[in-house]
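Here's the structure we're looking at; comments come further down.
Number of protein chains: 2
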Amino acid sequence: MPDDMMTIALDAMGGDHGVSVVVPAALQALREMSALRLILVGDQQVMADELKRHGATPDDRLILHHASQVVEMDDLPSQALRGKKDSSMRVAINQVKEGNAQACISAGNTGALMATARFVLKTLPGIDRPAIITALPTIRGHAHMLDLGANVDSSSEHLYQFAIMGSVLTSLVDGVDNPSVGLLNVGEEEIKGNEQVKGAAKLLSRSDINYKGFVEGDDIYKGTVDVVVCDGFIGNVSLKTSEGVAKMISHYMKQAFNRNLLTRLAGLVVLPVLKAFRAKIDPRAYNGASLVGLRGIVIKSHGGADVFAFSQAIREAVLEVNKNVPEKITQRLGELLEERRAV
Amino acid sequence: MPDDMMTIALDAMGGDHGVSVVVPAALQALREMSALRLILVGDQQVMADELKRHGATPDDRLILHHASQVVEMDDLPSQALRGKKDSSMRVAINQVKEGNAQACISAGNTGALMATARFVLKTLPGIDRPAIITALPTIRGHAHMLDLGANVDSSSEHLYQFAIMGSVLTSLVDGVDNPSVGLLNVGEEEIKGNEQVKGAAKLLSRSDINYKGFVEGDDIYKGTVDVVVCDGFIGNVSLKTSEGVAKMISHYMKQAFNRNLLTRLAGLVVLPVLKAFRAKIDPRAYNGASLVGLRGIVIKSHGGADVFAFSQAIREAVLEVNKNVPEKITQRLGELLEERRAV
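Note that the protein sequences, when read in sequence, are chains A and B.
Each residue of the first sequence is one higher than the one before, counting from 1 in our numbering.
Each residue of the second sequence is one higher than the one before, counting from 1001 in our numbering.
Here it is as structure tokens:
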């Protein structure tokens, strides 16, 4: 086996579709990337059956690793942590801990994934809390946003750490030098917002992070900054609200086109246009949120991800392994600490 | 003058367009509602000139009231409060305080409007903080949401008070008996969220408010509940995020239809369909956020409101005066207090 092979562990049982999505996405990724090796973690029989369905068998690039339990979508993080030590999710994370894989991916229960990953892998030195970060489409291309729900009641220091992690990850995966960072707030004026946000603004202003000040909710999709930083409660509500608005718009658009035969015909005429439009904001293309701040790379795929979307999550994992994201975050934290000491 | 006349004071200088929107909207409202009297507050000359432009003159249903100052969009609330005691905004609110008007409307600076209204009118007994509430389109019709930015760091008790105010207002303006109320949270499970939300959930569960539990960001536009309750920081971010998503979608849709001659022709074919669709989620139809919890009715129009949108804000004010919203909130608070004592 050549040295430059990369290994990624996949929780084969997680998400709404389990093996029926993870296995074909894995096979596709292996075809596309010759230096990739995948460890599928889950029920041995279920995985083998699904592989057979696709005319495939395990080999030295596609390893099956049995796990006897599955974390359900409604399991509490504490239940998963204490009661499901042999879950496909936990065993996939263990692969990273034990050095058998450089990253792992799960489409399972977010709370359980975060709790388990944090327990097994621990946070990076200097990071109090891991955060969830993802790319989002904007009018100008895309932006990264964090935290998306790992933490509520984030302090100024936490927001500052999120900003550093977001800046490093964005710089690496997008190849942007010192990406611009904004703090999500209720207004752009310095006096607005809560104490946590105001304190974080002070910390960021003093650092050499490319801090652009406060941004508002509509700035996320305008692409005003490369990295949007917020508390996890706010980030989660904001992201879910976005999904809600997009679904409502799509609902009313379908309704308008389905009104009568004439409007349905009109819909057929513009189908390619609507498809081109949808591709621009296709959430599947942005699938793969990263749990940053851990001593290892953990990617969360959307629970409802299809094969295309799950493949995107694999690509995200490959990119982060190649760019060595956790080590670069530690390095940057060290620099900023030096800088703070020097002030 | 008959006894059943209703008087509303309008800040004629507020918002992006000032008199050029407020005056024609006022004239339209007076044509539509014969029992309505309006007091236009602002620069006497500017208002008179604008009236002349529309071939109108002041009369006993359209009264001009001079105010020498204007609150600018970037004035701090404290500046407006201390330095602009003769602003059109302040004088319009004074009309409510002095009993000359039953409600007032301004399209000006939200922070200044809230601070001034609170200072001049005071909060209702039992209400610690006023909140901003508006109707939003949903897949099932519409819902009300509060707080949209008046307060950051709301306590459990504040959220509980918002829920009561939202429930009363929605019940009155929508004619719904005991509307369903949801608390905006990061997940539906009881253990999720921050302490404020968990505490508010307890208070609401014990009350006879029709409390449905936690809702998530996407529930707002699904119309899961009639009233969505949240802290103002979260509500503001959520609302602005929604605007951002809608604008991005519209941007990419225009781009798709403008790609070439063929797609432009296709766009013309479906123009009536797209118009019908847009009417369903037209934010102008939902213009007019209420500052609830004050001893008087104050309506905030969107700063960029056009004549159609500003007229909606006038209709909202008329409805709230007819339904006697502030008094009904006080009454409901009294009932709930009785109920708490009885437990």
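Note that the Cβ used here is the ideal one computed from N, Cα and C, for glycine as well.
All values derive from a computational prediction rather than experimental measurement.
Which same chain residues end up closer than 6 Å to A1107 (chain B) when comparing Cβ atoms and leaving out the 5 residues on each side of it in sequence?
If we look at A1107 (chain B) and ignore the five residues flanking it on each side, its Cβ neighbours are G1014, G1015, S1301, G1303, A1305.
Give a yes or no on whether the minimum CB-CB distance between N1322 (chain B) and chain A is below 7 Å.
It does not; no Cβ of chain A falls within 7 Å.
D1218 (chain B) touches chain A at which residues, Cβ-Cβ below 8 Å?
Going along chain A in sequence order, the residues near D1218 (chain B) (Cβ under 8 Å) are K240, T241, E243, G244, K247.
According to DSSP, simplified to helix, strand and coil, what is P1125 (chain B)?
It is coil, neither helix nor strand.
By Cβ distance, which residues of its chain are closer than 7 Å to T116 (chain A), with the 5 residues on each side in sequence left out?
Excluding positions up to five away in sequence, the list reads A80, L81, M89, R90, I93.
On the DSSP letters alone, give me the boundaries of the beta strand (DSSP E) that K84 (chain A) sits inside.
Neither: K84 (chain A) is in no beta strand (DSSP E) and is coded neither H nor E.
When the Cα atoms are used, what is the spatial distance from L203 (chain A) to T110 (chain A)?
For L203 (chain A) and T110 (chain A), the distance between alpha carbons rounds to 30 Å.
Any beta-carbon of chain B closer than 7 Å to the one on N236 (chain A)?
Yes, N236 (chain A) lies at the interface with chain B (some Cβ there is under 7 Å from its Cβ).
Roughly how many angstroms separate the alpha carbons of V120 (chain A) and K97 (chain A), rounded to a whole number?
Going by the C-alpha atoms only, they are around 7 Å apart.
What runs of the alpha helix (DSSP H), each 4 residues or longer, lie entirely inside the segment 1088-1122 of chain B?
As far as the segment 1088-1122 of chain B is concerned, its whole alpha helix (DSSP H) runs of at least 4 residues are 1088-1097, 1110-1121.
Between S1290 (chain B) and A1029 (chain B), is the Cβ-Cβ spacing less than 7 Å?
Result no, Cβ atoms of S1290 (chain B) and A1029 (chain B) do not sit closer than 7 Å.
So I1164 (chain B) and L1336 (chain B) are supposed to be a Cβ contact under 8 Å. How far apart are they, rounded?
That pair is a contact at about 6 Å.
Using a 10 Å radius around the Cβ and a threshold of 16 neighbouring Cβ atoms, would you call A342 (chain A) buried or exposed?
Its Cβ having fewer than 16 others within 10 Å, A342 (chain A) is exposed.
Using the C-alpha atoms, what's the distance from H1065 (chain B) back to I281 (chain A)?
Their Cα atoms are separated by approximately 50 Å.
Which of the three DSSP states is assigned to P326 (chain A) in this structure?
In the structure shown, P326 (chain A) sits in a helix (DSSP, three-state: H, G or I).
Is there a C-beta anywhere in chain A that falls below 7 Å from the one on I1139 (chain B)?
Closer than 7 Å: yes.
Using the C-alpha atoms, what's the distance from A256 (chain A) back to V1273 (chain B)?
Approximately 6 Å, taken between the alpha carbons.
Could you tell me which chain A residues have their CB closer than 8 Å to the CB of N1109 (chain B), listed as they occur along the chain?
Neighbours of N1109 (chain B) on chain A: none; closest Cβ ~11 Å, over 8 Å.
Count the CB pairs spanning the segment 213-220 of chain A and the segment 162-176 of chain A that are closer than 8 Å, and state whether there are at least three.
Because the criterion of three Cβ pairs below 8 Å is not met, the segment 213-220 of chain A and the segment 162-176 of chain A do not touch.
Which class does P137 (chain A) belong to by DSSP, given the choice of helix, strand or coil?
Strand, per DSSP.
So what does K300 (chain A) bridge to, in DSSP terms?
Note: K300 (chain A) sits in a beta bridge opposite A:S106, A:A289.
When we look at the beta-carbon of P130 (chain A) and count the other beta-carbons within 10 Å, is it buried (16 or more) or exposed?
Label assigned to P130 (chain A): buried.
My output table needs one value for V1181 (chain B): the three-state DSSP class, helix, strand or coil.
Note: V1181 (chain B) maps to strand in three-state DSSP.
Residues of chain B with CB under 8 Å from A103 (chain A), in chain order?
Near A103 (chain A) there are no residues of chain B at all, since even the closest Cβ is about 26 Å away, more than 8 Å.
Let me see if you follow: with CB-CB separation under 7 Å, is T263 (chain A) close to chain B or not?
So yes, T263 (chain A) belongs to the interface.
Which one of B:S1238, B:E1050, B:G1244, B:P1179 has the shortest CA to CA distance from T224 (chain A)?
When only C-alpha atoms are compared, the closest one is B:G1244.
Rounded to the nearest angstrom, what separates L159 (chain A) and M145 (chain A) at their Cα positions?
Cα to Cα, the separation comes out at about 12 Å.
Quick one: residues in its chain with C-beta nearer than 7 Å to the C-beta of T7 (chain A), no 5 flanking neighbours on either side, listed in chain order?
Counting only Cβ-Cβ distances below 7 Å, and skipping sequence neighbours, we find R37, I39, N100, A101, Q102.
If I measure Cβ to Cβ from I63 (chain A) and keep anything under 8 Å in the same chain, skipping five residues before and after, which residues do I get?
Correct list, in chain order: R37, L38, I39, L40.
Hey, would you say D1218 (chain B) sits closer than 7 Å to K240 (chain A), going by beta carbons?
Yes.
Who are the Cβ neighbours of V46 (chain A) in its own chain at under 7 Å, not counting the five residues just before and after it?
Around V46 (chain A): V19.
Since A9 (chain A) contacts G42 (chain A) with CB under 8 Å, what's their CB separation in whole angstroms?
Rounded, the Cβ-Cβ distance is 11 Å, inconsistent with contact.
Check for me: the beta strand (DSSP E) holding R1284 (chain B) runs from which residue to which?
No beta strand (DSSP E) contains R1284 (chain B), which DSSP labels as neither H nor E.
Would S1156 (chain B) and G1187 (chain B) be called neighbours here (beta carbons separated by less than 7 Å)?
Contact flag unset, no.
Within 10 angstroms of the Cβ of G374 (chain A), are there 16 or more other Cβ atoms? Answer buried if so, exposed if not.
This structure cannot settle anything about residue 374 (chain A), because the visible part of chain A is limited to 1 through 343.
Using a Cβ-Cβ cut-off of 8 Å (strictly less than) and excluding sequence neighbours within five positions of L124 (chain A), which residues of its own chain qualify?
Around L124 (chain A): G293, L294, R295, P326, I329, T330, L333.
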